[in-house]
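**Student:**
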Amino acid sequence: MGFWTRLRRRLRPPRRLSFTREGRLIVLLSVGVGFAAINTGNNLLYLILGWLLSFIIASGVLSELTLKKLEVSRRPPPRVHAGEPFLMEVVIANKKPNRASFSIEVEDLTGTTPIDKRCYFLKIPAGKSQRTSYRHTYARRGLYTLTGYRIATKFPFALFRKSRDVDAPLEVLVYPARINVPRPPPRTTSRGESTADRLGRRGEFHGLRERRSGDDRRDIHWRSSARTGRLLVREYEDELARKVVVCVDNALPEGVRDAVKDGAMTPAHEAAVSAVERAISVAAGLAASYLEVGWTVELCARGLHVPAGVGRIHEARIARALALLPYVGDDVALPALPPKVESVLVIPRGVAAENRPAATTVMDV
């Protein structure tokens, strides 16, 4: 957090007060009645002025009591995908033991800017909580930070809107957009044998790799593990095993990357970025499809490598890596793809790039 941000938050007033249309009318009426009472000395006008001022004071006191001891929590869904609306759950708890809160509005903030519609709570009983949700859509993948929330009320007379901003950072990871991709064949042999039928078979020794959950302890190479300080296991060639390397090209020209960073996008820049984003979404869909039918999947991109793995945990690891994958230049080379392993290279259509390796399958999307 920068110095100016900290200073701005420290100097921020604890409450903000804005007039409603009715509030402005009451204040103007009070000023007019006050001048008339002073000029005429009419006791009835003084009585009306006192009533109007007490009305305003009561509004300020009651609204302050309403905003006290309210706690808000926000809960995004487990997976948020780019371009798809999702529901952000908002839960508000009234910690006051014997006083309800009325007419409460809650809205999430990015900096000092609300990101979407307000959530409205008519009544929160003492010691109870209420929940609702609002719909929001992120256009692109990435990690978004909600800096806090704003809680406000117009209770009791809707003369003013009193609010306070609360710092409560919340990160929302937005995954690549979901795209339908061709379903790969299941992980079976040419004779129709499944992975379970091949359990226990070993091929020739291939090399060492880091130990993963489910590996046999008998495969640990203790001497190499002691030398490197990491648990390494022997890996064997299995000609019947089905493994695929999914590679995606995330290169963008420097001018486009600068435009993305500065927020000064032209239609040509938008087209280039959309092409790369589509390629990343296709790569995510391919990886999930291969893993779903039992393949071992490895992921690579410019500046990124996710080792081979299987299962739902590995799918989540790949999805997170693609959600956070940055744009890079052509000078960052794609990793070389192994010649004996099936590989898929996903290329953005219309985006020229260099240093692309040869692959078993090339998808120009």
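Numbering that gives the first Met the number 0 applies: residue 0 is where the sequence shown begins, and numbers increase by one. Note that beta-carbon positions come from the ideal geometry of N, C-alpha and C, so glycine has one too. Keep in mind it's a predicted model, so treat the numbers as computed, not measured.
From ALA286 to VAL79, what does the alpha carbon distance come to, in whole angstroms?
**Tutor:** Roughly 18 Å between the two C-alpha positions.
**Student:** Only counting the same chain, and skipping five residues up and downstream in sequence, which positions put a Cβ closer than 7 Å to that of ALA35?
**Tutor:** Once the five neighbours on either side are set aside, the close Cβ partners of ALA35 are LEU44.
**Student:** Using the Cα positions of LEU172 and GLU276, report the straight-line distance between them to the nearest angstrom.
**Tutor:** The straight-line gap from Cα to Cα measures roughly 16 Å.
**Student:** My assumption, with CB atoms under 8 Å, is that ILE346 sits in contact with ALA282. Please give the rounded CB distance.
**Tutor:** So it is not a contact: roughly 10 Å between Cβ atoms.
**Student:** Measure from the alpha carbon of LYS127 to the alpha carbon of each residue in HIS135, TYR148, ASN93, ALA271, then state which is nearest.
**Tutor:** Selected option, being the one with the closest Cα: ASN93.
**Student:** Among the candidates THR19, ILE123, ASP115, whose CA atom is the shortest distance from the CA of LYS68?
**Tutor:** Ranking THR19, ILE123, ASP115 by Cα distance to LYS68 puts ILE123 first.
**Student:** Please work out which residues of its chain come closer than 8 Å, Cβ to Cβ, to PRO337, disregarding the five sequence neighbours upstream and downstream, and give them in chain order.
**Tutor:** Correct list, in chain order: VAL244.
**Student:** Is GLY284 closer than 9 Å to ARG140 when the C-beta atoms are compared?
**Tutor:** Against a cut-off of 9 Å, the Cβ pair of GLY284 and ARG140 comes out as no contact.
**Student:** Just verifying my parser: in three-state terms, what is the DSSP assignment at VAL30?
**Tutor:** DSSP places VAL30 in helix when its eight states are reduced to three.
**Student:** Let me know if PRO183 comes out buried or exposed under the rule of 16 or more other beta-carbons within 10 Å of its beta-carbon.
**Tutor:** Looking at its Cβ environment, which holds 16 or more other Cβ atoms inside 10 Å, PRO183 is buried.
**Student:** On the three-state DSSP scale, how would you describe ARG216?
**Tutor:** In this structure, ARG216 counts as helix in the three-state DSSP scheme.
**Student:** Quick check: what's the CA-CA separation for HIS304 versus PHE85?
**Tutor:** Taking the straight line joining both Cα atoms gives about 30 Å.
**Student:** Can at least three beta-carbon pairs, one atom from the region 350 to 360 and one from the region 109 to 124, be found at a separation below 8 Å?
**Tutor:** The region 350 to 360 is not in contact with the region 109 to 124.
**Student:** For THR65 and LEU298, I'd like the C-alpha separation in whole angstroms.
**Tutor:** Rounded to whole angstroms, THR65 to LEU298 spans 53 Å at the Cα level.
**Student:** With a floor of 3 residues, list each beta strand (DSSP E) that falls wholly inside the region 298 to 340, ordered by position along the chain.
**Tutor:** Within the region 298 to 340, the complete beta strand (DSSP E) runs of at least 3 residues are 303 to 308.
**Student:** Which class does ILE25 belong to by DSSP, given the choice of helix, strand or coil?
**Tutor:** It is helical.
**Student:** Give me the DSSP bridge partner(s) of LEU64.
**Tutor:** Looking at the DSSP assignment, LEU64 forms no beta bridge with any residue, so it has no partner.
**Student:** Near GLY199, which residues of its chain fall below 6 Å by C-beta distance, leaving aside the five closest residues on each side in sequence?
**Tutor:** The pLDDT assigned to GLY199 is 44, lower than 50, so where the model puts this residue is not dependable, and the model offers no usable value.
**Student:** According to DSSP, is ARG355 helix, strand or coil?
**Tutor:** Three-state result, ARG355: coil.
**Student:** Evaluate ALA81 with the Cβ neighbour count: other Cβ atoms within 10 Å of its Cβ, from every protein chain shown; 16 or more gives buried, anything less gives exposed.
**Tutor:** When all chains shown are included, ALA81 counts as buried.
**Student:** Out of SER224, TYR289, LEU323, state which residue places its alpha-carbon closest to the alpha-carbon of ARG241.
**Tutor:** Comparing Cα-Cα distances from ARG241 to each of SER224, TYR289, LEU323, the minimum goes to TYR289.
**Student:** Determine the direct distance from the alpha carbon of VAL90 to that of TYR133, and round the result to whole angstroms.
**Tutor:** Going from the Cα of TYR133 to the Cα of VAL90 covers about 11 Å.
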